[in-house]
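Notes to accompany the following structure.
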Amino acid sequence: MVDIKNLFFGYSEYNNLFQDLSLHLEKGKICGLLGKNGAGKTTLLKMMAGLVFPHKGSCEVMGQIPEQRLPSFLSEIFFLPEELFVPELTADQYIKYYSSFYPKFDAVLFYQYLTEFHLPRNKLLTKLSHGQKKKFLIAFGLSTNCSLFILDEPTNGLDIPSKSQCRKLLASAISDERLFIISTHQVRDVENLIDSIVILDEGKIIFQQSLLEVTQQFAFIRQHKKPDPDTCIFYEKHLAGYTAMVNNTNKQETQADLEILFNAILSNKGASS
107 MVDIKNLFFG YSEYNNLFQD LSLHLEKGKI CGLLGKNGAG KTTLLKMMAG
157 LVFPHKGSCE VMGQIPEQRL PSFLSEIFFL PEELFVPELT ADQYIKYYSS
207 FYPKFDAVLF YQYLTEFHLP RNKLLTKLSH GQKKKFLIAF GLSTNCSLFI
257 LDEPTNGLDI PSKSQCRKLL ASAISDERLF IISTHQVRDV ENLIDSIVIL
307 DEGKIIFQQS LLEVTQQFAF IRQHKKPDPD TCIFYEKHLA GYTAMVNNTN
357 KQETQADLEI LFNAILSNKG ASS
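If you want this note's numbering, it's the 1-based position in the sequence shown plus 106.
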């Protein structure tokens with residue numbers, strides 16, 4: 107679905123954001139893209155969407171070159187940026203003008219999503235709150251039935267019930283023919299949703315594994331006693347005690363803690379990638 111090879115990119119000759127970056131993502135997944143501020147997550151998403159172009163190397167999405175922005179490519183991709191824009195239209199007017207760009211758009215599904223999110227049909231989108239605008243665009247994007255759905259910080263601005271609704275709708279929309287890529291700092295909001303992890307740091311992919319591979323290789327343990335640093339890979343203290351990440355030599359079944367995993371990978375670069 108996404109095939110990036112030996113990619114180089116920078117916003118100026120003095121800013122080499124990506125240096126020989128390579129990444130391959132398969133369809134049928136919900137991929138979490140993690141990284142520190144300034145790591146290039148949003149730029150990488152824009153590269154996949156054909157909004158910025160590589161200086162060297164190649165970026166192919168669904169067998170096409172995004173920067174060509176062919177109609178056959180644009181009709182199969184939906185990009186939800188962190189900074190939202192909505193026109194001064196109602197929901198009904200919006201789908202009248204924009205749904206024709208997506209041949210697989212499902213209006214019945216769209217209005218079901220509006221009901222799920224408690225969004226009005228006849229109120230100007232510009233009059234909605236930030237969270238309502240985001241829910242509207244998520245509803246529209248899911249209704250396009252496009253093959254690639256890219257979300258940059260999708261849970262920012264959403265209240266707790268809306269985050270739960272968003273997770274439920276995204277989970278119900280995944281199929282073997284679609285790929286969802288979610289870039290976020292709010293890993294707690296999506297860690298029960300995503301099934302593969304990509305960590306971007308200093309212009310390179312330093313970690314890429316499925317969640318199943320992560321939990322087979324590592325165990326995440328909560329305990330009151332301070333972990334032994336000689337036997338654990340990484341740990342953090344919290345109010346109820348400690349959370350430790352250890353090698354899963356005993357084949358325990360534990361739930362992955364993506365925040366702990368992310369901090370452990372950055373603290374031990376190259377050790378587990």
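We put the CB at the ideal spot given by N, CA and C, even for glycine.
For this session: Could you tell me whether the Cβ atoms of K210 and N251 are closer together than 8 Å?
Result: Here K210 is near N251, since their CB atoms are less than 8 Å apart.
Exercise. Taking G413 as the reference, which of K111, S253, F179 and C137 has the closest Cα?
Worked result: Outside the shown range of the chain (107 to 379) lies residue 413, about which nothing can therefore be said.
Exercise. Does the distance from the CB of I312 to the CB of L140 come in under 8 Å?
Worked result: It is not a contact, given that the beta carbons lie outside the stated cut-off.
For this session: Specify, as a first and last residue, the run of the alpha helix (DSSP H) that Q199 falls within.
Result: According to the DSSP assignment, Q199 belongs to the alpha helix (DSSP H) that extends over A197 to Y204.
Problem set entry | Through-space distance from E182 to S378, alpha-carbon basis | With a pLDDT of 43 at S378, under the threshold of 50, the modelled position of that residue is not reliable, and the figure given next carries that caveat. S378 and E182: Cα-Cα distance of roughly 35 Å.
Exercise. Can you tell me where the alpha helix (DSSP H) with E319 in it begins and where it stops?
Worked result: Element bounds for E319: L317 to Q323.
For this session: Would you please verify whether the beta carbon of F340 is less than 8 Å from any beta carbon of chain B?
Result: Of the chains in the structure shown, none is chain B; there is only one protein chain.
For this session: Note down the Cα distance separating A197 from I339, rounded to an integer number of angstroms.
Result: Taking the straight line joining both Cα atoms gives about 50 Å.
Exercise. Buried or exposed: which applies to F191, given that a residue is buried once 16 or more other Cβ atoms fall within 10 Å of its Cβ?
Worked result: Answer is exposed; the Cβ neighbour count stays below 16.
Problem set entry | N- and C-terminal bounds of the alpha helix (DSSP H) containing G163 | Counting along the chain, G163 falls outside any alpha helix (DSSP H), though it belongs to the beta strand (DSSP E) covering K162 to V167.
Exercise. Is DSSP giving M154 helix, strand or coil here?
Worked result: The answer is helix: DSSP assigns M154 an H, G or I state.
For this session: Starting from H130, trace the alpha helix (DSSP H) both ways and give me its first and last residue.
Result: It is not in any alpha helix (DSSP H) - H130 instead sits in the beta strand (DSSP E) that spans F124 to L131.
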